[in-house]
Amino acid sequence: QKRALGLIEKGFKNMSGGRRVASLAVAHGSSHNVAEKFKASLEKIFNMEASVFAKVGPVIGVHTGPGTIGAAVLYD
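Residue numbers for the sequence shown follow our numbering, so the first one is 426 and each next one is one higher.
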């Protein structure tokens, strides 16, 4: 999971292409502590606070499992 989250961070950095980040969001299943660390890492990378930090509902969780973590980055 740690490696996967690192790849996601790298992907978001590469996709930015130098653009400013307008908004950052992180969501999780029941992995609150891991998601909190992932959020902190993204906030450090993009030098901004996440505007959304939420727990996904059971409809998402039933398809992805309890350890799911997701993120979204909106670029200018």
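Every residue, glycine too, gets a C-beta built ideally from N, C-alpha and C. Everything numeric in this text was worked out from a predicted model, so none of it was measured.
Is it buried or exposed, residue i, if we count other Cβ atoms within 10 angstroms and call 16 or more buried?
| i | result |
| --- | --- |
| Leu449 | buried |
| Val477 | exposed |
| Ala479 | exposed |
| Ala429 | exposed |
| Lys464 | buried |
Can you grab the Cα-Cα spacing for the pair residue i / residue j, in whole Å?
| i | j | result |
| --- | --- | --- |
| Val484 | Thr493 | 12 Å |
| Gly486 | Gly436 | 24 Å |
| Ser455 | Ala496 | 15 Å |
| Gly482 | Ser466 | 24 Å |
| Ala475 | Thr489 | 22 Å |
According to DSSP, which residues form a beta bridge with residue i?
| i | result |
| --- | --- |
| Leu432 | Paired residues: none, contrary to the question. |
| Lys480 | His453 |
| Ser448 | Leu499 |
For the beta strand (DSSP E) that contains residue i, what are its first and last residues?
| i | result |
| --- | --- |
| Ala497 | 494 to 500 |
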